[in-house]
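**Q** Numbering (mature numbering (1 follows the signal peptide of the UniProt record, and there is no 0)), first residue to last: -25 to -1, 1 to 152.
Each residue gets a CB set at the ideal place from its N, CA and C atoms; glycine is no exception.
Everything numeric in this text was worked out from a predicted model, so none of it was measured.
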Amino acid sequence: MRLKKAYFVLLPFLCIFLFSCGVQDYPTYTYQIVNSLGEDYLVNYCEQTNYPENNTRVKVFRGKKKVMDYNGGSYSGCNSYTPSQIVFICKSGDVDYYYLRSQLAEYIVADGMVDLKTNYNMLMLNKSKSEMTDDEKKVYSKTSGTIRSAISAEDVEKRFSACGYSSESFMAFYNYS
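1. On a CA-only basis, which of D69, R37, I64 is nearest F130? Give me that one, please.
2. Just confirm the distance between the C-beta atoms of D86 and V42, as a whole number of angstroms; I'd bet it's less than 8 Å.
3. Roughly how many whole angstroms lie between the Cα atoms of S67 and S119?
4. Does the beta-carbon distance from N19 to T3 come in below 8 Å?
5. Comparing alpha-carbon positions, which option in Q23, R37, T31, Y1 lies nearest L17?
6. Tell me which residue opens and which closes the beta strand (DSSP E) that A85 is part of.
7. So, under 8 Å CB-CB, F148 and I83 are touching, yes? Tell me the CB distance rounded to an integer number of Å.
8. Quick one: what's got a C-beta closer than 6 Å to E21's C-beta in the same chain, skipping five residues either side?
9. Out of D69, T121, L12, which one is the CA nearest neighbour of E132?
10. Measuring straight from C-alpha to C-alpha, what distance separates S144 and E81?
11. Kindly indicate which three-state DSSP category E14 falls into: helix, strand or coil?
12. Between S55 and Q78, which are expected to be in contact by the criterion C-beta below 8 Å, what is the C-beta distance as a whole number of angstroms?
13. Rounded to whole angstroms, what is the Cα-Cα separation between D110 and K39?
14. In this structure, does DSSP put T5 in helix, strand or coil?
15. By the three-class DSSP mapping on this structure, what secondary structure does Y140 have?
16. With a 10 Å radius around its C-beta and 16 neighbouring C-beta atoms as the bar for buried, classify G139 as buried or exposed.
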């Protein structure tokens, strides 16, 4: 009898606890970025404030193709992680490379499998060598070499200036060795 009472008392509390910690559907917000080259990107983002993690989930589409999908890390305001500038840089093999800028940082994003071992598809620009791990240095060097062989510095500068974007941090990455 006591066991039955314990079930009736503990079961509601357990259910409330489990449902409050579960993954919830948060509203997805959408906006469009069109740069001066006519590239049209659709950005979907969702603020996920679940216990124990809070983050921002961002997906970027170009037409029907998803080109980026990333988490914004620990939550400090979703606008910090959503992109404000995007431009297609080049294609090398089966991989498309994009430049992305958010309020927090600038990135090179690879749409496709760059390296099966490290699985990097998003590299932060303006990172000093002293802050990088050995793996990051290798990936930086390899990726910048791949991009250099796919597009000239002049063409990159033209793409950035046509969009009205600053190319300074990208060119530092482009010339990384």
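**A** The structure says:
1. Inspection of the sequence shows that residue 130 is occupied by Asp rather than by Phe. D130 has its Cα closest to that of I64, out of D69, R37, I64.
2. 4 Å
3. 11 Å
4. yes
5. R37
6. 81 to 86
7. 6 Å
8. For the sequence presented, residue 21 should be read as Cys rather than Glu. Contacts found: Y1, T3, R32.
9. L12
10. 8 Å
11. coil
12. 5 Å
13. 33 Å
14. strand
15. coil
16. exposed
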